[in-house]
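Residue numbers (my numbering), protein chains in the order written: chain A, 92 to 760; chain B, 92 to 760; chain C, 92 to 760. Working notes, structure below.
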Amino acid sequence: MYFGADYYPEHWPREFWEGHAKLMKEAHFNVVRIGEFAWSKMEPEEGRFDFAWLDEAIEALAREGIQIVLGTPTASPPKWLADLHPDIYMKDEFGLTRGFGGRRHYCQNSPIYREYSKKIVSAMASRYKDHPHVIAWQIDNEFGWNDTARCYCDNCLQEFKRWLQNKYTSIDELNKEWGTIFWSQTYRSWDELILPAHSAADLNVGAAKRYSHNPGLLLDFYRFCSDSVVFYQKLQIDVLRNSGCSQPITHNYMEHFNQLDYYNLGKDLDFISWDNYVVYEWGNKAYETTAMAHDVIRGIKEKNFWVMEQQSGPCGWNHLGDTPKPGQLRLWTYQAIAHGAEGIVYFRWRACPVGAEQYWYGILDHDGIPRRRYREIQQIGRELSELSDIINDSKTISDAAIIQSYDNWWSHEFQPHNPGFDYHRLLHQYYSALMHHHIQADIVSIDTDLSKYKLVLMPAFNLMTDEIQTKVENYVKAGGNLIITFRSGTRNWNNSITLKTLPGYFKELTGVEIEEFDSLNFGRTVKSSGIFGEGTSCVWCDILRPLQAETLAKYSGEFYRGEASVTVNSYGNGKVYYIGCDLDEKAITSLLKYITVESQIKPLLSQPMDGLEVVRKMKDGKIYLFLLNHTDATIEISLEGKYLDMLSCETISTSVTLNAYGIAVLQSL
Amino acid sequence: MYFGADYYPEHWPREFWEGHAKLMKEAHFNVVRIGEFAWSKMEPEEGRFDFAWLDEAIEALAREGIQIVLGTPTASPPKWLADLHPDIYMKDEFGLTRGFGGRRHYCQNSPIYREYSKKIVSAMASRYKDHPHVIAWQIDNEFGWNDTARCYCDNCLQEFKRWLQNKYTSIDELNKEWGTIFWSQTYRSWDELILPAHSAADLNVGAAKRYSHNPGLLLDFYRFCSDSVVFYQKLQIDVLRNSGCSQPITHNYMEHFNQLDYYNLGKDLDFISWDNYVVYEWGNKAYETTAMAHDVIRGIKEKNFWVMEQQSGPCGWNHLGDTPKPGQLRLWTYQAIAHGAEGIVYFRWRACPVGAEQYWYGILDHDGIPRRRYREIQQIGRELSELSDIINDSKTISDAAIIQSYDNWWSHEFQPHNPGFDYHRLLHQYYSALMHHHIQADIVSIDTDLSKYKLVLMPAFNLMTDEIQTKVENYVKAGGNLIITFRSGTRNWNNSITLKTLPGYFKELTGVEIEEFDSLNFGRTVKSSGIFGEGTSCVWCDILRPLQAETLAKYSGEFYRGEASVTVNSYGNGKVYYIGCDLDEKAITSLLKYITVESQIKPLLSQPMDGLEVVRKMKDGKIYLFLLNHTDATIEISLEGKYLDMLSCETISTSVTLNAYGIAVLQSL
Amino acid sequence: MYFGADYYPEHWPREFWEGHAKLMKEAHFNVVRIGEFAWSKMEPEEGRFDFAWLDEAIEALAREGIQIVLGTPTASPPKWLADLHPDIYMKDEFGLTRGFGGRRHYCQNSPIYREYSKKIVSAMASRYKDHPHVIAWQIDNEFGWNDTARCYCDNCLQEFKRWLQNKYTSIDELNKEWGTIFWSQTYRSWDELILPAHSAADLNVGAAKRYSHNPGLLLDFYRFCSDSVVFYQKLQIDVLRNSGCSQPITHNYMEHFNQLDYYNLGKDLDFISWDNYVVYEWGNKAYETTAMAHDVIRGIKEKNFWVMEQQSGPCGWNHLGDTPKPGQLRLWTYQAIAHGAEGIVYFRWRACPVGAEQYWYGILDHDGIPRRRYREIQQIGRELSELSDIINDSKTISDAAIIQSYDNWWSHEFQPHNPGFDYHRLLHQYYSALMHHHIQADIVSIDTDLSKYKLVLMPAFNLMTDEIQTKVENYVKAGGNLIITFRSGTRNWNNSITLKTLPGYFKELTGVEIEEFDSLNFGRTVKSSGIFGEGTSCVWCDILRPLQAETLAKYSGEFYRGEASVTVNSYGNGKVYYIGCDLDEKAITSLLKYITVESQIKPLLSQPMDGLEVVRKMKDGKIYLFLLNHTDATIEISLEGKYLDMLSCETISTSVTLNAYGIAVLQSL
């Protein structure tokens, strides 16, 4: 297993390198990531490359047994490049240039930028393809960060036209699919196409809400922008491979980020890594959001991953987040490992005295003196060197899967139906309810093999194709259990609303018809009751007419009092649950208890406990439980069966005690 | 009476048209509006006109007895036009182009756009001037929507200079009227004039607050923008008339919209229509706001009107509003008729599967299956075919009038005196108080014949002329009763503050002098008590010194405790009430009770009841009462006199019962 | 002492001037400020100067004994100038022109604008250098108002490059000091430098947050902008002096404004004046904020000052603020005098009927009739003509000083550490606590002579130099008492974070090390207790390890429960207090009680009383107390010693009674 830090030798005098490397070794480090913002240092002027300093830095680290993940530095083009070719800059939706001074100041569709990118990557590849200590490559840094996936420059317009031509072949087909007849927006040729920029119909000039643009145009623009990044990443990967690099290649993803289709971006990568900053999470359920983020990342390629930037101190740009409490760095590290991390790289080794991230504290403070955080990470390093064997290539086996779709996320984002509706929050709500019951869920794309799962959840899966319909029907026929919610199946893949009676593509599966719906505004709420007790909706109510389905709950208010709100339909050998409304946390938790029991899913622990997380992994036929105490209290957990505590090496039978922020790794005996 | 829907044949396959028309007929429809967004379909490329599809669509409808209101399609110029002449686009106050992709993406002052507009209208006129089924024309669609009346392009600047030259004749006169000596803004020639755009003195760049511009410039710019739209509309009307069209011409107004002087816009129209979406109203007093909107519209030409878009389902763009409850579509329809609608056109016939209005539901859902909403509208159609005789050419006779002024609205808008002051809300407050007492008020411009009314309200009528002063004085002298409020009479018509002692132009009429005023900030409130009991102000207090007037209420707080807050002055044969402060709802209601009794106005019903609306109409010498229950409860209404229930045909003497959202139309016997 | 009003003869017909002047004389006026927005009147077209009207106006005033402060009119260049040279306009961070129509529509770095400025100032200087009634000059008006100090035009870019070259000499030095190695931002030449404008890393496009720019760049840009204004002001001063003007020169500052380094701006001025609008203050502690503002202004040159615009009525642009209550104009005037004002000029003489400031009421209303406000000011004038002797050249003697630093303010502004942290608010909090105890504090720059003070407060003094460190150490060594807070001493003067162990430059002085810190987010609070009782922090907690220091308070929560939060260190003959966390008002007040007692500072009055302000002044060896009652109640104040009431001329021994908003000026006997 890899364990280390993100390191910027260019930030420090050369004479610091050796001391840094020694301290790293004492913390049991075996890897650093390096280089991803050092373009101006690698190529200080056009065509003049200088890698001597980098060689030396790598050497200093290697001497202490530390290997290198090498980043391509394209996230921060140097000033000379931008001055030679100012049209590499992005433009915002108002046509205004997003200039120099931060990072990611380039458009991925700039042909010139692509050429310069290939040159620097090619130079690095030549130098480091056979380097014994360079064990992996990272392409660029956090693609799409800060709305940089979406640009409105002329290069983008031209590429978008080509992308559309490639997709639709004929302009008539595009007009038909987008429905440009609406508001007289028919295009006669590819030349007439536009980017969804500032228009007469923007509701707020300043906040750039573009929701009056054609929904087909918007969705395709989001897809195009994502594809442009995928294409740009592939350019770099091709350079590396064509130059003879055989190391695995990764990119560092961001948490719950939705401007890119991360599934597509992942296809060209050997492994996924991501940047985990718990500090940005909301409230005391942050651990759920982080757990979910890990599962999203593991689901990208359905395999283990790295955390390429793992928070190791208080951090922020102009505002500093909370300081991690004693035990939390360790807790978060074990959480990452439990969910599939095989590499943990802490960001950053030492806080940088200059630049926009002066307040982004790492393991060491600016003064470089090892303190509490260093010691805690040193302890983790010590422990992990023992546990490495059970971590690498371990598997997380889940009974349930939540389907995540970026296309659907995008469509819901600009047309959310109701101010209170949020696709991601809905998925989170279902994920949390399962987690509450200690039921592990994978989060995967609809391309996954559904047959692995006893229960599949497709919340608000609204954009549909016939292929997906067939796939899902087959899954249920074969005995699968499926959850469908309100706002599902109403649109085709190009964002037109279906003329089928709702729930459209899911009508047969669910065995219901939606007679009417009610979007709840101005703080209205509606209650319903049934299998989950009583629940409250504040966003949306489908008024259901069961055809073949059985009613599990009914509304108790509004003009549709007594109508069905939740149903179940037997279909083939399986069951389809239709949840026609949003529900409060208590009701949804209770409803999922019922459905998971019906689906014969057994929780990892029988007693729900707030703040206690359990993850089950498998390695070489053995089962491991990771117990994670996210509370600041000591808790005692009852266990069924016998376990070996992998850290204390004691055998445990009835219960285990975890200190505040404590963890245990148990092997089932 | 006309009854129908807004229909977009271009959105649907030709083979759907017949079925649609038959369903319409079954709902007792006799009219559709058509064509107003179909330019790219009518003129698919420059100069090539195609009306064959439109002929066919009209024919299909006509076969079922349905007549046509034909819209000119200038609200959505096609892409080819914009590409040929990109300077038709509007510019925002930052000089940024508001481009293609929504609607209304044109500047009404573009000479080129005017030419293209004339051509398409002329082509339509030639084709449809004698068409037996085209019974009316609608010009464009919702002029000014989404801030499209105000553009900052060079065409606008040049036109504005001409407009000013025409108004002021000499630049010295303009300098004097605007007071450009302030901050050294003197203009030496027409060429030096500006538009009130982004300046060094904008307080918020993003939100584009322009309040540091000269108040005369701002007011004239608002007037100019409104006049530009009036001029542009007139161009189209002239084309129609010059081409030989004799059908009546209308435009669809928006609710409580204030970027255009709707009185001026209405002068060139044969009848007014408007678009009524109750979904946008706030809280449980939405019916009051809608009632007031109807009355504003009826007041434009002081005659009956159409609702050209009447909400018929849940609607919204990215967010869906509430679903109308059973009975509400009918209730809202009768409310419209009660207030003067002679045409009801539901928007839209069937929800459109594509475009920005995918969520704007109509009578039919996307799947085209008639459900509850269709059946309710069918019932209305059946009823109205019986009632048509008493609706057409009926009159609404009101004892009171509220004067509305767009010039004043504009002036108050950019200089509202106090953050809590809102001209429109003030008018609404007075309207509501009268409505509470079942007293019907017209809402009219100051150009109206005041002598029809027992009581005239001129809330915050601040911009004044000597002519208006004389007119109002004559009204009161002749026995009229007049209400004036704080922030009245302090400015001349070009937005300079008068040097007269306040209340300026109203000093003689009111018989008071304003010694001081107090604008209430930081949540301060001030109480006063008198004829209305006790009331609370939270916006403004004039400290009054009665000269001839009598004191009706006094302040009980602040340093002006004991000073007069409300007065009445006898003037000629009439009375003038000066209300020197804002008041809470209870106080204002009580005060208006007193004033209306003093003015010998008799309520339509003696007992106020929240949610019950009563409207009185007259036709052929007979009196009709429309009773509208806006609550979700059954209510019983006591009546004086005997009535014939026009729907049940029963005679009613002491009381009538209305179900939730129920209505009754009673003829006085 | 000077007493008068801001007057705009150009706003009024010539025939009004005499009447105005007579009314002024009756109010005991002896001065008016004039001319600062009248460029278009002085130079109606290029090169044609017209001062005849101004001569006449001055003459009309002089006849009544009124002297003139003459403003240069460069805050509002005329339209002809802007039309000839549109590049004098500023550009915002998006590159958009901030055009004509308000005021301050020019860039101080425009070479052309500088030339025109010199010409008009030179013309005025020739005319008025020897004028017997022109007693002082005001340069321009409110430099920097509404973000006009910071411009992003090409002139600014070029000047910024020169400024940087001048400061850093070599580009390598700049790169080192800014740390441009971070994110590959190395500059190879001065040509490559940028302004911190709209970039790919802006977090909000609309609100233009630029915090991802390099902190060194940002700080130098702020300094450069301030220096540009200082340079521009100096240009005008030089013209006046070179033309032979010998009158004193001032500029009117704004309250608590931080876009300019007011200390630097003040160096070229003979005296400082400022514009005091109490209306803009928050809540019922407005008098504290105003008191502090006066002290900031007095601290600029450490001498007495003028209020060049003193609020004299309700005022605002589009919104009117509260009307001053009877007595408040007098109270605020005496407050100004108490804090060092030797000139009181009310803004404005008479409310202007035109322009953006129509609602900015002055002494007279639009109608020109003297009312309550005139009478109150007349009374003040009468009183002050008696008191003038004790006011001029009087001194305010304070035992304590708060160090204010614009460089630190800027640095904290774009990187405030925590959303709840505000440098200015922190200074205010300490100022208020001292004021509560009736302890007078000067507010001065770090360049002051510290030895005058028993206690010096340096809250959040974060940017440091070795020179400052030595100066402060010497002060304490010699027996001074010093307060240092959290977020101090962590950065060098170019905004890099020090590699010293924190509190960095203050480590030795404070005798503590910061082991860790905790930035409090999401509403977390932490309590600590000790010498001040119990206190609550909601922004920041330093976890202190006392080395030589003694612990005065400890945290009672979080993982650092029991660690030191406040310490005191004996250093040489003095003491250094380190306050490691923010504290609530009660705790900080209690803590400052302790520290001031320890520092042997005696309060002016022994009994704190909310709303009662006391200021001590000295003139010719006599001590004067100004007692100011900011409450609306009558209060009685116990006194020690015997006093002469300067207004009633009575002797007072044990107590004095002040009416609501009343004041007393007592001479110690």
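All C-beta atoms, glycine included, are put in the ideal place defined by N, C-alpha and C.
(request) Give the residues from the stretch 432-453 of chain A that approach chain C closer than 9 angstroms (Cβ to any Cβ), ordered along the chain. (result) Correct list: A442, C443, P444, V445, G446, A447, E448, Q449 and Y450.
(message) Here's the rule: buried if 16 or more other CB atoms are within 10 angstroms of the residue's CB, otherwise exposed. What is C/R139?
(response) Numbered from 1 along the third sequence, position 48 holds the residue referred to as residue 139 of chain C. Counting Cβ neighbours within 10 Å, C/R139 comes out exposed, since fewer than 16 surround it.
(message) So if I threshold CB-CB distances at 8 angstroms, which residues from the stretch 502-520 of chain B count as touching chain C?
(response) Flagged, chain order: F505, Q506, P507, H508, N509 and P510.
(request) Provide the residue span of the alpha helix (DSSP H) that contains B/V563, from first to last. (result) On the second sequence, residue 563 of chain B is found 472 positions in, with the first residue counted as 1. Note, B/V563: alpha helix (DSSP H), D557 to K568.
(request) Name, going along the chain, the residues of the stretch 574-605 of chain B whose beta-carbon falls closer than 8 angstroms to a beta-carbon of chain C. (result) Going along the stretch 574-605 of chain B in chain order, one finds S587, I588, T589, L590, K591, T592 and L593 with a Cβ nearer than 8 angstroms to chain C.
(message) For C/K132, would you say it is in contact with chain E, using Cβ-to-Cβ distances shorter than 9 angstroms as the test?
(response) Absent from the structure: chain E. Protein chains present are A, B and C.
(request) Verify the CB distance criterion: does C/D282 have a CB-CB separation below 9 angstroms to chain B? (result) Translated into positions along the third sequence, residue 282 of chain C becomes position 191. Closer than 9 angstroms: no.
(message) Please report the distance separating the alpha-carbon of B/E137 from that of B/K210.
(response) Taking the first residue of the second sequence as position 1, residue 137 of chain B is located at position 46. Taking the first residue of the second sequence as position 1, residue 210 of chain B is located at position 119. Taking the straight line joining both Cα atoms gives about 10 angstroms.
(request) Specify the secondary structure class of B/V603 as computed by DSSP and reduced to three states. (result) Taking the first residue of the second sequence as 1, we reach residue 603 of chain B at position 512. Shown here, B/V603 sits in a strand according to DSSP, grouped into three states.
(request) Under 6 angstroms Cβ to Cβ from A/E264, same chain only, skipping five residues before and after it: list those, please. (result) By 1-based counting over the first sequence, the position of residue 264 of chain A is 173. Scanning its chain for C-beta atoms nearer than 6 angstroms, with the 5 sequence neighbours on each side dropped, one finds no residue around A/E264.
(message) Once DSSP output is grouped into helix, strand and coil, what is the label at C/M700?
(response) Residue 700 of chain C sits at position 609 when you count from the first residue of the third sequence. Reduced to three states, the DSSP call for C/M700 is coil.
(request) Kindly confirm or deny that the stretch 245-265 of chain C and the stretch 212-232 of chain C touch, where touching means at least three C-beta pairs closer than 8 angstroms. (result) Too few Cβ pairs lie closer than 8 angstroms, so no.
(message) To be precise: take each residue of the stretch 257-270 of chain B, compare its Cβ to all Cβ atoms of chain C, and keep it if any distance is under 8 angstroms. Which residues remain?
(response) Residues W269 and G270.
(request) Kindly give me the distance between the Cβ atoms of C/E109 and C/A151, rounded to whole angstroms, as I take these residues to be in contact under 8 angstroms. (result) Working through the third sequence from its first residue, we reach residue 109 of chain C at position 18. Working through the third sequence from its first residue, we reach residue 151 of chain C at position 60. The beta carbons of C/E109 and C/A151 sit about 6 angstroms from each other, so the pair counts as a contact at 8 angstroms.
(message) Comparing C-alpha positions only, which one of B/A96, B/T271, B/F234 and B/A173 sits nearest to C/W103?
(response) Against the third sequence, residue 103 of chain C aligns to sequence position 12. Among B/A96, B/T271, B/F234 and B/A173, the Cα nearest to that of C/W103 belongs to B/T271.
(message) Can you check which of these residues, A/Q639, A/L638, A/D633 and A/A640, is closest to A/Y646 by C-alpha distance?
(response) Here residue 646 of chain A refers to the residue found at position 555 of the first sequence. The shortest C-alpha separation from A/Y646 is found at A/D633.
(message) Can you check whether the C-beta of A/P637 is within less than 9 angstroms of a C-beta belonging to chain B?
(response) If you number the first sequence from 1, residue 637 of chain A lands on position 546. Among the residues facing chain B, A/P637 is not included, as its CB has no counterpart in that chain under 9 angstroms away.
(request) Just the chain A side, please: which residues come within less than 8 angstroms of C/T627 by C-beta, in chain order? (result) The residue labelled residue 627 of chain C in the question sits at position 536 within the third sequence. Ordered by position in chain A, no residue passes the 8 angstroms Cβ test against C/T627, which lies about 17 angstroms from the chain.
(request) Identify every run of the beta strand (DSSP E) within the stretch 679-759 of chain C, keeping only runs that are complete inside it and at least 3 residues long; order them along the chain. (result) For the stretch 679-759 of chain C, whole beta strand (DSSP E) runs of length 3 or above, ordered along the chain, are 703-710, 713-720, 726-729, 734-736, 746-749 and 754-759.
(request) In angstroms with no decimal places, state the Cα-to-Cα distance between B/G472 and B/V436. (result) As a first step, residue 472 of chain B is located in the second sequence; it is residue number 381 there, counting from the start. As a first step, residue 436 of chain B is located in the second sequence; it is residue number 345 there, counting from the start. Computed Cα separation, rounded: 11 angstroms.
(request) Label A/A569 either buried or exposed according to how many other C-beta atoms from any shown protein chain fall within 10 Å of its C-beta, with 16 as the threshold for buried. (result) Stepping through the first sequence from its first residue, residue 569 of chain A is reached at position 478. Within 10 angstroms of the beta-carbon of A/A569 lie fewer than 16 other beta-carbons, which makes it exposed.
(request) Enumerate in chain order the residues of its own chain whose CB-to-CB distance from A/I743 is below 6 angstroms, with the five nearest sequence positions on each side excluded. (result) The sequence position of residue 743 of chain A within the first sequence is 652, counting from 1. Correct list, in chain order: Y734 and D736.
(request) Enumerate in chain order the residues of its own chain whose CB-to-CB distance from B/I428 is below 6 angstroms, with the five nearest sequence positions on each side excluded. (result) Here residue 428 of chain B corresponds to residue number 337 of the second sequence, with the count starting at 1. Excluding sequence neighbours, B/I428 sits near I482.
(message) Please identify, using Cβ separations under 7 angstroms, the residues of the stretch 159-181 of chain A that lie next to chain C, in order along the chain.
(response) Listed by position along the chain: P164, S167, P169, K170, W171, D174 and M181.
(message) Less than 9 angstroms between the C-beta atoms of A/E689 and A/N553, yes or no?
(response) Translated into positions along the first sequence, residue 689 of chain A becomes position 598. Translated into positions along the first sequence, residue 553 of chain A becomes position 462. Not closer than 9 angstroms, so no.
(request) Work out the CA separation of A/H196 and C/V296 for me, nearest whole Å. (result) Mapped onto the third sequence, residue 296 of chain C falls at position 205. Mapped onto the first sequence, residue 196 of chain A falls at position 105. Residue confidence is low: C/V296 scores 42 on pLDDT, short of 50, so the model does not pin down where it sits. No coordinate-derived value is stated.
(message) Please report the distance separating the alpha-carbon of A/T165 from that of A/C316.
(response) Along the first sequence, read from residue 1 onward, the residue named residue 165 of chain A stands at position 74. Along the first sequence, read from residue 1 onward, the residue named residue 316 of chain A stands at position 225. Straight-line measurement puts the Cα of A/C316 at about 18 angstroms from the Cα of A/T165.
(request) Under 7 angstroms between beta-carbons, which chain C residues line up against A/T239? List them in chain order, please. (result) Residue mapping note: residue 239 of chain A aligns to position 148 of the first sequence, counting from 1. Those within 7 angstroms of A/T239 in chain C are A291.
(message) Between which two residues does the beta strand (DSSP E) holding A/P632 run?
(response) Taking the first residue of the first sequence as 1, we reach residue 632 of chain A at position 541. The question names Pro, but residue 632 of chain A is Cys in the sequence shown. Note, A/C632: beta strand (DSSP E), W631 to P637.
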